[in-house]
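J.: First residue of the sequence shown? That's 107 in the working numbering, and the numbers climb one at a time after it.
A virtual CB, placed ideally from N, CA and C, is assigned to each residue, including glycine.
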Amino acid sequence: MKAYITAEFSPEALEELKKILEDEIVYESWRETSNLYFKDEDLIQKIKEIGAEIFICEGDNVKKNVLENVDLKIIGSTRGDPNNIDLETATAKGIPVLFAPNRNTVSVAELTVGLILSLARKLYSIERILHTENEFEVNDFSDYIRYYNEFKGFELQGKTVGIVGLGRIGFTVAKLLLPFRVKFLVHDPYVNPTRLNAIQGEEVDLNTLMTKSDIITVHCSPIDETDDMIGEEQIALMQKHSLFINTARASVVDEYALLDALKKKKIAGAALDVFSIEPVDQDNEFLELDNVIVTPHVGGDTFETNHRHAMMMVEGIKQILNKIIPENIKNPEVLEGYTTADKQFDQTQEFEDIQPSLYHYEGKIQQIIEVCKEMIRREYVVGTAGNVSVRVKLPNGQDAFLVTPSSVKYDEIDIEDIVLIDSSGDTIIGRRNPTSEKRVHLAIYRAREDIKAIVHSHAPYSTALSIARMPIGPIVDEVIPFIGGCEVAEFGMAGTDELADNAVAALGENLAVFIANHGNVACGSNLDQAWTVCQQVEMAAKIQYRASLLGTIYAIPEEAEEAEKEIYDIMKDMSE
107 MKAYITAEFS PEALEELKKI LEDEIVYESW RETSNLYFKD EDLIQKIKEI
157 GAEIFICEGD NVKKNVLENV DLKIIGSTRG DPNNIDLETA TAKGIPVLFA
207 PNRNTVSVAE LTVGLILSLA RKLYSIERIL HTENEFEVND FSDYIRYYNE
257 FKGFELQGKT VGIVGLGRIG FTVAKLLLPF RVKFLVHDPY VNPTRLNAIQ
307 GEEVDLNTLM TKSDIITVHC SPIDETDDMI GEEQIALMQK HSLFINTARA
357 SVVDEYALLD ALKKKKIAGA ALDVFSIEPV DQDNEFLELD NVIVTPHVGG
407 DTFETNHRHA MMMVEGIKQI LNKIIPENIK NPEVLEGYTT ADKQFDQTQE
457 FEDIQPSLYH YEGKIQQIIE VCKEMIRREY VVGTAGNVSV RVKLPNGQDA
507 FLVTPSSVKY DEIDIEDIVL IDSSGDTIIG RRNPTSEKRV HLAIYRARED
557 IKAIVHSHAP YSTALSIARM PIGPIVDEVI PFIGGCEVAE FGMAGTDELA
607 DNAVAALGEN LAVFIANHGN VACGSNLDQA WTVCQQVEMA AKIQYRASLL
657 GTIYAIPEEA EEAEKEIYDI MKDMSE
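In structure tokens, the structure reads:
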């Protein structure tokens, strides 16, 4: 089969395809010829002249008229979205259409991060001024100070990045930004929750994202739903210091509204790689602005992108010739009777390069630290006695647990003292040893999927009742609806599996349990609830202890107790 290729191919990919097709290739890259086929008759004539049965292109229009007047057996479009091919006609004629998903994901994502850094540190402005004749002059120290003040930028750490579209490119941008310890707001009606969790992102509506983000970067597809999605109303919501980056499609943004906001300095700056009129020429109005970086749709313009899309075409052709359905085919139904290819892309792979960090869970760790310090203040613990943990998700979606250390006083604890452990209790991240009571925490988490946080305290009244082996009875009205009950676990040595198993057995479906001679363990669907339960248990223990000093303790009526347990069950179901 003879192939005609107008897309750019790497030398390695060309050599590979020549071996497969036995040198039957005509290669005329559009980059070298400066030619794209937009007229049907020109492309029809060229394909017939060559006698090509395989046509691989990037920007040429392969529409109905072309397909009905040539005898192609395979078509390849080296694009993520092969909208330059009439897929309906190709399918009707039984012609397989190859495409190149994910070909430029890394390239576009890296450019996006580069643009963000260039805007944040005003590298574009520094570069322009220093290289513009007669504009950069330092004759005395005051001139230097003037430039120094003008070039002042800002750090990314701690900033909020709004990502519009958390698809492959948006997610890759987020992964590249994770080491900068930014916070993510995400607007994407079809967001993958595993991706959202992996970056600890918060899903919000578009207007909230536009209002609260320091940096906004657009990565959604050009469909009817996203056409002019970011209009004058949304741009008006941006903060004056905000930056706007678009490396996706111009159709998503109202260019006139963005241009006006930049001219009037209503926002700090923008970086744009896509425009409604392309290719970019000298008449583009954004070129007149000194707070805009303009790049001429070069997001995917890398050697690696070209090699990647070329090899996708080579592998796809090879598989079709071997009666295998490629993974990168748009219309697999035309290859009836062919064997399905093994999947080359496992979705879990996109999480493997995310290294967990304690700063990834900074918000939850700050909550842990606040609870620890509050326990010290209330005298629920002394030194490192007692412990706190929170169930979290690793970037790959697996459970992990943030736990307090065993050797740091809680009034001195900081974020790097917290330990991240897996479900076996092994340390994933941490410079300290995890709490010696980690077995109790892990056993409860394994037994109760509804529990996401645990607070273990040595609060005095809880400890007194645990020593006396006295559970919290139906004494204090309105405690049961919140905790269910609080039994006393049988004694076990600290840090042992026996103690952990005893705690789980006594906890049952409640949210609290006394550990014999060892205080209380309070649980919740989040840390706020677990800490509230801890305080409720101690309050009830205090009242019950003091009441017992007066003599006989009278419980609430049995029917009231039953009613309160029903309320607890309802509230528990609502919190899950």
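Taking 9 Å as the cut-off, decide whether the C-beta atoms of Met418 and Phe161 are in contact.
T.: As a working note, residue 418 is residue 312 in the sequence shown. As a working note, residue 161 is residue 55 in the sequence shown. No, they are not a contact pair.
J.: Closest by CA to Ile527, which one among Leu464, Lys515, Pro566, Ser572?
T.: Residue mapping note: residue 527 aligns to position 421 of the sequence shown, counting from 1. Checked all of Leu464, Lys515, Pro566, Ser572; the closest Cα to Ile527 is Leu464.
J.: Pick out whichever of Tyr250, Phe260, Leu236, His293 has its Cα sitting closest to the Cα of Gly271.
T.: Sequence index remark: in the sequence shown, residue 271 carries index 165 (1-based). Measuring from the Cα of Gly271, the nearest candidate turns out to be His293.
J.: Taking buried to mean at least 16 other C-beta atoms within 10 Å of its own C-beta, is Asn255 buried or exposed?
T.: Against the sequence shown, residue 255 aligns to sequence position 149. Exposed is the call here.
J.: Rounding to the nearest angstrom, what Cα-Cα distance links Val440 and Lys169 in this structure?
T.: Position 334 of the sequence shown, counting from 1, holds the residue named residue 440. Position 63 of the sequence shown, counting from 1, holds the residue named residue 169. In a straight line, the C-alpha of Val440 is about 18 Å away from that of Lys169.
J.: Which residues in the same chain have their Cβ closer than 6 Å to the Cβ of Tyr253, if we skip the five residues on either side of it in sequence?
T.: Mapped onto the sequence shown, residue 253 falls at position 147. Counting only Cβ-Cβ distances below 6 Å, and skipping sequence neighbours, we find nothing.
J.: Three or more beta-carbon pairs under 8 Å between the region 336-348 and the region 315-325, yes or no?
T.: Result yes; three or more Cβ-Cβ pairs closer than 8 Å.
J.: If you pair each beta-carbon of the region 149-163 with each one of the region 296-306, do three or more pairs fall below 8 Å?
T.: With a cut-off of 8 Å, the region 296-306 and the region 149-163 do not count as touching, because too few Cβ pairs lie within range.
J.: Are Ile643 and Ile550 touching if we call contact CB-CB under 9 Å?
T.: The residue labelled residue 643 in the question sits at position 537 within the sequence shown. The residue labelled residue 550 in the question sits at position 444 within the sequence shown. The sequence given here has Val at residue 643, not Ile. No, they are not a contact pair.
J.: Pick out whichever of Leu427, Asp389, Val380 has its Cα sitting closest to the Cα of Val404.
T.: Translated into the one-based positions of the sequence shown, residue 404 becomes position 298. When each option's Cα is compared against that of Val404, the closest is Val380.
J.: Do the region 510-530 and the region 584-593 touch if we need at least three Cβ pairs shorter than 8 Å?
T.: Contact fails: fewer than three Cβ-Cβ distances are below 8 Å.
J.: Please classify Gly422: does DSSP put it in a helix, a strand, or coil?
T.: Numbered from its first residue, the sequence shown carries residue 422 at position 316. Gly422: helix per DSSP, three-state reduction.
J.: Relative to the C-alpha of Val585, which candidate in Asp448, Met645, Thr278 has its C-alpha closest?
T.: What you label residue 585 is simply residue 479 of the sequence shown in a count that begins at 1. The option with the nearest alpha carbon to Val585 is Met645.
J.: State the CB to CB distance for the pair Ile321 and Leu349, rounded to an integer number of angstroms; the pair is presumed to be in contact (CB under 8 Å).
T.: In the sequence shown, counting from the first residue as 1, residue 321 sits at position 215. In the sequence shown, counting from the first residue as 1, residue 349 sits at position 243. About 5 Å separates the two Cβ atoms, so the contact holds.
J.: Hey, which unbroken runs of the alpha helix (DSSP H) at 4 residues or more fall wholly within the region 595-656?
T.: List check, alpha helix (DSSP H) in window: 603-613, 633-655.
J.: Could you tell me which of Gln650, Ile534, Glu309 sits nearest to Gly579, measuring between CA atoms?
T.: If you number the sequence shown from 1, residue 579 lands on position 473. The shortest Cα separation from Gly579 among Gln650, Ile534, Glu309 belongs to Gln650.
J.: My parser needs the alpha helix (DSSP H) runs of 4 or more residues fully inside the region 337-398; what are they?
T.: Here the runs fully enclosed are 338-342, 361-369.
J.: Measure the alpha-carbon distance for Tyr230 versus Ala356 and round it to whole angstroms.
T.: For the purposes of this step, residue 230 is identified with residue 124 of the sequence shown, where counting begins at 1. For the purposes of this step, residue 356 is identified with residue 250 of the sequence shown, where counting begins at 1. Roughly 22 Å between the two C-alpha positions.
J.: Along the alpha helix (DSSP H) that carries Ser140, what are the first and last residues, could you check?
T.: Against the sequence shown, residue 140 aligns to sequence position 34. Note, Ser140: premise wrong, no alpha helix (DSSP H); not H, not E.
J.: For the region 241-270, list the beta strand (DSSP E) runs that are entirely contained and at least 3 residues long, ordered along the chain.
T.: Counting whole runs of 3 or more residues, the region 241-270 contains the beta strand (DSSP E) stretches 266-270.
J.: Using the three-state DSSP reduction, which class does Cys478 fall into: helix, strand or coil?
T.: Along the sequence shown, one-based indexing puts residue 478 at 372. Three-state result, Cys478: helix.
J.: My understanding is that Ala109 touches Leu120, with C-beta atoms under 8 Å, so please give their C-beta distance in whole angstroms.
T.: Working through the sequence shown from its first residue, we reach residue 109 at position 3. Working through the sequence shown from its first residue, we reach residue 120 at position 14. 10 Å between Cβ atoms; not a contact.
J.: Nearest-angstrom Cα distance between Ser654 and Leu571?
T.: Here residue 654 corresponds to residue number 548 of the sequence shown, with the count starting at 1. Here residue 571 corresponds to residue number 465 of the sequence shown, with the count starting at 1. Their Cα atoms are separated by approximately 11 Å.
J.: Anyone know if the C-beta pair for Lys346 and Lys371 falls short of 9 Å?
T.: Here residue 346 is taken as the residue at index 240 of the sequence shown, counted from 1. Here residue 371 is taken as the residue at index 265 of the sequence shown, counted from 1. The answer is yes: Cβ separation under 9 Å.
J.: In whole angstroms, what is the alpha-carbon distance linking Glu309 and Lys154?
T.: By one-based count along the sequence shown, residue 309 stands at place 203. By one-based count along the sequence shown, residue 154 stands at place 48. In a straight line, the C-alpha of Glu309 is about 52 Å away from that of Lys154.
J.: Work out the CA separation of His466 and Asp66 for me, nearest whole Å.
T.: Given a span of 107 to 682 for the chain in the structure shown, any question on residue 66 remains unanswerable.
J.: List the DSSP bridge partners of Ala109.
T.: What you label residue 109 is simply residue 3 of the sequence shown in a count that begins at 1. BP columns for Ala109 point to Ile131, Ile160.
J.: Name the DSSP bridge partner or partners of Asp505?
T.: Residue mapping note: residue 505 aligns to position 399 of the sequence shown, counting from 1. Paired residue(s): Lys499.
J.: Is Arg683 near Val514, with beta carbons less than 9 Å apart?
T.: The question about residue 683 has no answer, for the chain in this structure spans 107 to 682.
J.: Between the alpha carbons of Asp334 and Val359, how many angstroms are there, rounded?
T.: Counting from one through the sequence shown, the residue named residue 334 turns up at place 228. Counting from one through the sequence shown, the residue named residue 359 turns up at place 253. Their backbone Cα atoms lie some 5 Å apart in a straight line.
J.: Between Ala622 and Glu476, what straight-line distance do the alpha-carbon atoms span, to the nearest angstrom?
T.: Reading the sequence shown from its first residue, position 516 is the one you call residue 622. Reading the sequence shown from its first residue, position 370 is the one you call residue 476. Ala622 and Glu476: Cα-Cα distance of roughly 27 Å.
J.: Between the C-alpha atoms of Gly264 and Ile201, what's the straight-line distance to the nearest angstrom?
T.: Residue mapping note: residue 264 aligns to position 158 of the sequence shown, counting from 1. Residue mapping note: residue 201 aligns to position 95 of the sequence shown, counting from 1. Each residue's alpha carbon lies about 51 Å from the other.
J.: Return the CA-CA distance between Asn390 and Ile235, expressed in angstroms with no decimal places.
T.: Locating residue 390 in the sequence shown gives position 284, counting from the first residue. Locating residue 235 in the sequence shown gives position 129, counting from the first residue. One C-alpha to the other measures close to 21 Å.
J.: Entirely within the region 290-337 and at least 3 residues each: give me those beta strand (DSSP E) ranges in chain order.
T.: 321-324, all fully within the region 290-337.
J.: Check whether the region 532-548 and the region 598-608 are in contact - that is, three or more C-beta pairs closer than 8 Å.
T.: Result yes; three or more Cβ-Cβ pairs closer than 8 Å.
J.: If you count every other CB in all the chains shown that lies within 10 Å of the CB of Gly469, and 16 or more means buried, which is it?
T.: Residue mapping note: residue 469 aligns to position 363 of the sequence shown, counting from 1. Burial call: exposed.
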